[in-house]
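In the numbering used here, the protein residues as written are 1115 to 1610.
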């Protein structure tokens, strides 16, 4: 863009070289935008938005030197944005994970980032240095899922979700391969912190206004209401579509943001990170997700304990943390507020319903232990295994609120085993970062680990459409890349 400005403002613009440069930029910028606007009346709104966004993203890349960093940052920033396409969309009367072949805005940056990274490696004749952490269990999981889809009640809906799983695996691989040094890691984490703060602002505004803020096109849904005694309260979801989805998103990111504060950085950046953390924390409160609030609070407390014990000792840190948590609990739970009411004055039926859904899940798994009922077929098939007096599946159109049982129901016990092995490989990959002397690597490693603990504790009482819950796969890739950077730095240091 600087060259464009020079072509317009400098006297050289009157010469032939300036005119050629001006013509190039006019054609490069104007032609694609003009074509898209001409085609707009013939395109569905989401088709147009994706194509137009892709064109703007590509044009924007011309104005930066570090295009790989540009696309990496855009990938992180577009993770929670719900602009997507469902190709071959099919309606369904039951809860589904996907309703078509899902293409999201983040896929544009994902493909560009992969291409640029491979181009950079080949141009510099660098070794591929591609991490294989987690790929073997993912290959097994994908194979089991594909077989289960072939045997499913609805193979088309299963194929939709299998495609979503494939793109999620590609996202995981891209992030784990393309973040190769601490500079790129810091950029990615800064983008994550910004995204979390933005979702916190949206959640707070949605909660206060009891509206989606008109952001339905970007993934926000109409405000969800719950009950606290006889009082109706609103629950915010940002652009994640559901309050529990936003809570799961914040489960993963809040511990990382807190630990990132302990990294060396300029005062302005530290203020930005602290503000984003506070906004994200209030955003979590605005979801009124009991599982998210409890699990993330526990993870944040554990993260603080791990940091404080280095400065004031373990015993003293435990007493101070216990006092602080107790004080917060007294303030929140002894006064009348939506969080206190959500925990103690309503939703006994929801808690009982979760237990009943789990009974149906156990019955379904017992009859389909090897392959499950197929991806994206759980709720449709579970009704045949629902022998409860409440007919809970028909009355509560949702899958079992437990990630392990959900995966086992869709892909069988082999699918759960492969998924568990994948998680284990991710956590093991983080160990070099957790023990690294580098404050950036150690804090990002511990923060990512605490985020995973909060997320998986929460998913024992809530469901998650795991095949395409993009924040999960993004953070898994970040964990692998962080551990690989730490291991490489440690090896280099020992050789010196």
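Yeah, the Cβ is synthetic: ideal placement off N, Cα and C, and Gly gets one too.
Beta-carbon spacing of residue i, residue j below 8 Å
i, j, result
"residue 1661", "residue 1597", "Outside the shown range of the chain (1115 to 1610) lies residue 1661, about which nothing can therefore be said."
"residue 1487", "residue 1253", "no"
"residue 1276", "residue 1257", "no"
"residue 1208", "residue 1489", "no"
"residue 1565", "residue 1365", "yes"
"residue 1595", "residue 1290", "yes"
"residue 1368", "residue 1387", "no"
"residue 1615", "residue 1468", "Residue numbering for the chain in the displayed model covers 1115 to 1610; residue 1615 lies beyond these limits and cannot be assessed."
"residue 1526", "residue 1482", "yes"
"residue 1298", "residue 1224", "no"
"residue 1554", "residue 1281", "no"
"residue 1321", "residue 1274", "no"
"residue 1600", "residue 1546", "yes"
"residue 1171", "residue 1199", "no"
Buried versus exposed, by CB contacts within 10 Å (16 or more), residue i
i, result
"residue 1119", "In this prediction, residue 1119 has a pLDDT of 45, which is less than 50 and means its spatial position is unreliable; what the coordinates show is noted afterwards. Exposed is the call here."
"residue 1397", "buried"
"residue 1442", "exposed"
"residue 1182", "buried"
"residue 1328", "exposed"
"residue 1204", "exposed"
"residue 1591", "buried"
"residue 1178", "exposed"
"residue 1330", "exposed"
"residue 1326", "buried"
"residue 1438", "exposed"
"residue 1466", "exposed"
"residue 1244", "exposed"
Spatial distance of residue i from residue j (CA atoms)
i, j, result
"residue 1572", "residue 1409", "6 Å"
"residue 1561", "residue 1569", "12 Å"
"residue 1227", "residue 1288", "8 Å"
"residue 1558", "residue 1523", "34 Å"
"residue 1511", "residue 1175", "44 Å"
"residue 1390", "residue 1371", "8 Å"
"residue 1362", "residue 1312", "16 Å"
"residue 1217", "residue 1424", "46 Å"
"residue 1495", "residue 1508", "11 Å"
"residue 1378", "residue 1384", "9 Å"
"residue 1202", "residue 1168", "21 Å"
"residue 1531", "residue 1380", "44 Å"
"residue 1588", "residue 1576", "20 Å"
"residue 1498", "residue 1353", "34 Å"
"residue 1351", "residue 1238", "44 Å"
"residue 1232", "residue 1603", "22 Å"
"residue 1520", "residue 1272", "14 Å"
"residue 1484", "residue 1533", "14 Å"
"residue 1333", "residue 1219", "11 Å"
"residue 1190", "residue 1162", "22 Å"
"residue 1173", "residue 1234", "20 Å"
"residue 1305", "residue 1593", "15 Å"
"residue 1411", "residue 1318", "18 Å"
"residue 1583", "residue 1283", "11 Å"
"residue 1537", "residue 1504", "35 Å"
"residue 1432", "residue 1407", "20 Å"
Span of the alpha helix (DSSP H) around residue i
i, result
"residue 1315", "1296 to 1323"
"residue 1358", "1357 to 1374"
"residue 1231", "1220 to 1237"
"residue 1494", "1492 to 1496"
"residue 1506", "1506 to 1509"
"residue 1399", "1381 to 1401"
"residue 1522", "1517 to 1548"
"residue 1261", "1249 to 1264"
"residue 1570", "1553 to 1572"
"residue 1181", "1181 to 1191"
Of the listed residues the options, nearest to residue i (C-alpha basis)
i, options, result
"residue 1580", "1349, 1483, 1278", "1278"
"residue 1394", "1413, 1201, 1310", "1310"
"residue 1316", "1284, 1355, 1281", "1355"
"residue 1184", "1250, 1274, 1293", "1293"
"residue 1585", "1360, 1269, 1405, 1475", "1360"
"residue 1638", "1554, 1542, 1518", "Residue 1638 falls outside the range modelled here, since the chain spans only 1115 to 1610, and no answer is possible."
"residue 1270", "1491, 1189, 1553, 1539", "1491"
"residue 1539", "1479, 1350, 1552, 1251", "1251"
"residue 1574", "1333, 1322, 1192, 1405", "1405"
"residue 1314", "1231, 1392, 1239", "1392"
"residue 1302", "1200, 1193, 1249, 1472", "1193"
"residue 1578", "1479, 1413, 1358, 1506", "1358"
"residue 1164", "1206, 1222, 1506", "1222"
Range covered by the beta strand (DSSP E) that runs through residue i
i, result
"residue 1209", "Segment: none, residue 1209 is in no beta strand (DSSP E) and carries neither H nor E."
"residue 1275", "From DSSP, residue 1275 is part of no beta strand (DSSP E) but of the alpha helix (DSSP H) over 1269 to 1292."
"residue 1201", "1198 to 1201"
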